Amino acid sequence: MDLSPPATTAEAPRFRNLLRASTQAHLASLPAAVALALATCERSVAEVELRDFETPVVQAGIQAIRDLAGQIAAGVLSEANRAEEVAESRRFREGFLLPTDNPPELAARGQALMDRLEGSSPSQLKTKVVVLDGPSLMAFVRGGENLYLGQDVLDLPEEETAAILAHERAHLLERHPTLASICTEVGLALATQAAGSPPLAAAIKKLGALATASLQREQEFQADALGAEMLERAGYPRSAMTRVLTRLQGDRAETSRPTDDHPTLSRRLEALSSSTRADKG
Ligand SMILES: [Zn+2]
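Residues in the sequence shown are numbered from 275 upward in steps of one, following the numbering used here.
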């Protein structure tokens, strides 16, 4: 899901700046870990230049950035907190919505489904559904509270629409977009530290992007599994998640590249079926 979130000029620099400043402050308190990550990245410069991303040294560089992001994540999430995410969400919505978006009847239908999911899996977070004008199967989240849907999502069988909503709500609950941004910011901060060596700085930027993509692929598995649990609690069959993923894939060929931010359909279906088996003990 998150099918092609649109490019937008309605940037939210306030939240990004907060995230960047917090990331930099936390990194500054871990000089030894930063030096180790830089040294690990340095070993992979030649292979990154050759775009040879599957080699052990490149994978070690990607992992070093992810480890560093993991070490500071809790601290940064408490500063760039949920309230800030929600405020960012509202600023984005104001800049993004057109008068023709959110037709009342469709918006009410989407929100009613979301309310049903939230009723059976309560949390502090209230997700606002925004229905975009025009036909599409797009679904993505921005900031802390908004889930944007193309109108075609509401024409799917109800349980499949609910599956998309549950998957996207899981991204919001787990703060996935912000965690991915922290990983990106770690890469950028390391690249800045390596500015004296342009080839190293360029390699680190690439490694940072690959690290973020690898984190995002894991987040998709988590959102599928959590979303399937939410569906079940709301009285829908968890198989609706499998069905809607298969529907969205359509007859497009499966491809898998290190830069992809989504795993392949077969890997997602496999992960869902093993999480079902794990649930059943
Ligand atoms: Zn997703």
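All C-beta atoms, glycine included, are put in the ideal place defined by N, C-alpha and C. Predicted model, so just to flag it, every value in this text is computed and none were measured.
Under 7 Å Cβ to Cβ from residue 468, same chain only, skipping five residues before and after it: list those, please.
312, 474, 475 and 478
At a threshold of 7 Å, does residue 545 count as lining ligand 1 (C-beta to nearest heavy atom)?
no
DSSP on residue 541, reduced to helix/strand/coil?
helix
For residue 383 and residue 481, the rounded distance between their alpha carbons
42 Å
Nearest-angstrom Cα distance between residue 323 and residue 334?
15 Å
Are three or more beta carbon pairs between the segment 493 to 502 and the segment 525 to 545 nearer than 8 Å?
yes
If residue 428 sits next to residue 354, beta carbons under 8 Å apart, how far is it from one beta carbon to the other, in whole angstroms?
Not a contact, Cβ separation roughly 32 Å.
Could you give the distance in angstroms between the alpha-carbon of residue 377 and the alpha-carbon of residue 289?
29 Å
So is the beta-carbon of residue 494 under 7 Å away from any non-hydrogen atom of ligand 1?
yes
Backbone secondary structure at residue 402 - three-state DSSP:
strand
Is the Cβ-Cβ distance between residue 237 and residue 498 less than 8 Å?
As shown, the chain starts at 275 and ends at 555. That puts residue 237 outside it, with no answer to give.
Which word fits residue 533, buried or exposed, when buried means at least 16 other C-beta atoms lie within 10 angstroms of its C-beta?
exposed
Enclosing beta strand (DSSP E) for residue 420 [first to last residue]:
420 to 424
Measuring only from the beta carbon, is residue 454 closer than 7 Å to any heavy atom that is part of ligand 1?
no
Anyone know if the C-beta pair for residue 415 and residue 421 falls short of 8 Å?
yes
With a CB to CB cut of under 8 Å and the five nearest residues on each side skipped, what residues in its chain are close to residue 548?
none
Helix, strand or coil at residue 446 [DSSP, three-state]
helix
Can you determine whether any heavy atom of ligand 1 sits closer than 7 Å to the C-beta of residue 497, and answer yes or no?
yes
In whole angstroms, give me the CA-to-CA distance for residue 455 and residue 366.
16 Å
With a threshold of 8 Å between beta-carbons, can residue 406 be considered close to chain D, or not?
Chain labels in this structure do not include chain D; a single protein chain is all it has.
What does a CB cutoff of less than 8 Å around residue 505 pick up in its chain, not counting 5 residues either side in sequence?
391, 433, 436, 437, 440, 511, 512, 514 and 515
Kindly indicate which three-state DSSP category residue 512 falls into: helix, strand or coil?
coil
When you measure from the CB of residue 441 to every non-hydrogen atom of ligand 1, does any distance come out below 7 Å?
yes
Could you check if residue 445 belongs to the surroundings of ligand 1, using beta carbon to heavy atom distance under 7 Å?
yes
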